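So in this note's numbering, spot 113 of the sequence shown is number 113, and the numbers just go up one at a time.
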Amino acid sequence: MNTFNPKKNPHRRYNPLLDEWVLVSPQRSDRPWQGQTEDSGHDQQPSYDPGCYLCPGNLRISGEKNPDYKGVYTFDNDFGSLMKEEVGQPDQTADFFAMKPERGINRVICFSDDHSLTLPEMEVSDIRNVVELWQQQYRELGAMDFINHVQIFENKGRIMGCSNPHPHGQIWAQSSIPTLVQRTQNNLKKYLDIHGKSLLEDYIEQELKTGERVILTNEHFVALVPFWASWPYETMVVSRRKISDISQFSEPEKTALAEILKGLTVKYDNIFQTSFPYSAGIHQAPTDGKDHPEWHFHMHFYPPLLRSAEIKKFMVGYEMLAEPQRDLTPEQSAAVLKSLPAIHYKDKDR
Ligand SMILES: [Zn+2]
Numbered sequence: 001m002n003t004f005n006p007k008k009n010p011h012r013r014y015n016p017l018l019d020e021w022v023l024v025s026p027q028r029s030d031r032p033w034q035g036q037t038e039d040s041g042h043d044q045q046p047s048y049d050p051g052c053y054l055c056p057g058n059l060r061i062s063g064e065k066n067p068d069y070k071g072v073y074t075f076d077n078d079f080g081s082l083m084k085e086e087v088g089q090p091d092q093t094a095d096f097f098a099m100k101p102e103r104g105i106n107r108v109i110c111f112s113d114d115h116s117l118t119l120p121e122m123e124v125s126d127i128r129n130v131v132e133l134w135q136q137q138y139r140e141l142g143a144m145d146f147i148n149h150v151q152i153f154e155n156k157g158r159i160m161g162c163s164n165p166h167p168h169g170q171i172w173a174q175s176s177i178p179t180l181v182q183r184t185q186n187n188l189k190k191y192l193d194i195h196g197k198s199l200l201e202d203y204i205e206q207e208l209k210t211g212e213r214v215i216l217t218n219e220h221f222v223a224l225v226p227f228w229a230s231w232p233y234e235t236m237v238v239s240r241r242k243i244s245d246i247s248q249f250s251e252p253e254k255t256a257l258a259e260i261l262k263g264l265t266v267k268y269d270n271i272f273q274t275s276f277p278y279s280a281g282i283h284q285a286p287t288d289g290k291d292h293p294e295w296h297f298h299m300h301f302y303p304p305l306l307r308s309a310e311i312k313k314f315m316v317g318y319e320m321l322a323e324p325q326r327d328l329t330p331e332q333s334a335a336v337l338k339s340l341p342a343i344h345y346k347d348k349d350r
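Here's what the structure looks like:
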């Protein structure tokens with residue numbers, strides 16, 4: 001019998017945050033770096049688009065007019081998935097037909113007044129204003145009595161179903177703790193109960209020992225490809241300090257998060273020399289008024305691209321029916337991300 005080699009042999013890896021496994025098939029990606037890039041010239045947006053509902057001074061479909069804002073700007077989504085209104089409980093009939101009314105608030109956050117920018121093209125000081133607004137919104141929404149969870153996220157790129165290139169993210173604040181957050185919370189709590197320490201504190205300590213999957217670090221944050229990543233260039237940003245939520249960030253921590261977000265997203269754009277699409281978001285303690293010593297602030301980046309700006313990984317077939325699967329190993333992805341320059345490809349010629 002041959003000895004097990006994780007660089008050659010198919011294997012499964014455990015994801016302790018979601019208590020699930022991912023199938024890794026390294027034998028299918030002996031060519032880790034194809035180096036396919038796209039001509040980036042044609043995706044340049046104007047700084048102001050009169051037809052964009054997020055640009056300053058423009059009219060939205062609701063009839064409301066955006067102020068002539070500079071920097072960040074937030075407003076309640078005109079087409080939210082949730083509503084503030086309280087309604088009565090439905091008559092509970094049988095187990096198979098469970099329903100619960102859900103209250104909430106959806107907000108849009110414009111990262112910049114400049115329509116042509118994206119996070120990696122923004123200055124660190126301007127990204128810091130986004131972090132500042134996230135903190136303020138988490139506090140403001142989380143303080144409302146009917147809001148028990150505040151999900152901050154960004155859906156970037158047409159391939160991710162984002163229809164507007166104006167740099168923006170969203171906040172969905174709601175009365176329930178959503179499924180994946182609850183699952184993560186249960187696993188973080190289980191680990192804390194057994195080990196008396198934060199799962200992610202122990203995990204990043206282990207990762208920093210070898211550094212193999214670590215992409216960027218600064219005094220307060222670590223960006224890495226998690227050992228259990230399922231998307232080709234999936235990453236996580238974890239705070240070094242066990243901070244349960246963004247409301248506890250110090251001033252230096254806000255700057256440090258902005259710096260690491262800039263560094264990571266620049267590398268993302270440099271992979272295929274294209275504006276790199278992803279869904280990204282913050283996982284942190286719910287705002288349900290309870291103590292959450294188990295929570296440890298982190299961000300997930302789930303980018304779909306695999307081989308080029310056009311070739312994306314699909315999570316279909318086996319993934320939909322069985323479990324996530326990947327060919328490119330997390331170590332290969334980390335090697336690619338580490339090798340990329342820290343300067344945005346568009347800035348190279350400037
Ligand atoms: Zn715009």
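We put the beta carbon where it would ideally sit given N, CA and C, even for glycine.
From a predicted model like this one, the values you see are computed outputs, not experimental measurements.
Beta-carbon proximity list for residue i, same chain, < 8 angstroms, skipping 5 on both sides
i    : result
P10  : L23, V24, S25, P26, Q27
K65  : G57, N58, L59
P252 : E219, H220
D288 : N148, H149, I177
L18  : L180, R183, T184, N187
A334 : E212, R213, V214, I215, L224, V225
Per-residue DSSP class, three states only, for residue i
i    : result
L306 : coil
G281 : strand
V22  : strand
L337 : helix
Q273 : coil
Q89  : coil
M83  : strand
L328 : coil
K197 : coil
K267 : helix
K7   : coil
K290 : coil
L59  : strand
K348 : coil
K254 : helix
K65  : strand
E323 : coil
F96  : helix
D202 : helix
K70  : coil
N2   : coil
H42  : For H42, the predicted structure reports a pLDDT of 49, less than 50, and the residue's modelled location is therefore unreliable. A value from the coordinates is still provided. Three-state result, H42: helix.
Y53  : coil
S247 : helix
I343 : coil
Y191 : helix
Y48  : coil
Check: residue i C-beta below 7 angstroms from any heavy atom of ligand 1
i    : result
L54  : yes
H220 : no
H11  : no
D78  : no
D49  : yes
H298 : no
H115 : yes
H166 : yes
7 angstroms Cβ shell around residue i - same chain, five flanking residues per side excluded
i    : result
E323 : E20, W21, V22, L23
H42  : Because H42 carries a pLDDT of 49, less than 50, the predicted location of this residue cannot be relied on, and the following value inherits that uncertainty. Cβ within range, chain order: n/a, list empty.
E331 : E212, R213
R128 : K254, T255, A258
E351 : What the structure shows of the chain is the stretch from 1 to 350, and residue 351 is not part of that stretch, so it cannot be assessed.
Y48  : C55, H115
E102 : L82, Q174, S175, S176
Sequence-distant residues of the same chain with beta carbon closer than 6 angstroms to residue i, five excluded per side
i    : result
S279 : N155, M160, Y302
E234 : Y302
R240 : H220
I171 : R107, Q137, I152
V316 : none
M144 : none
N2   : none
In DSSP terms, what residue i is bridged to
i    : result
H300 : M236, G281
D76  : R107
Y14  : W21
A223 : L216, V237
K242 : Answer by DSSP bridge pairing: none, since K242 is not bridged.
K312 : L305
(request) Write down every uninterrupted run of the alpha helix (DSSP H) in the segment 101-176 whose length is 4 residues or greater and which is fully enclosed by it, in chain order. (result) Taken in chain order, the complete alpha helix (DSSP H) segments of 4 residues or longer contained in the segment 101-176 are 124-142.
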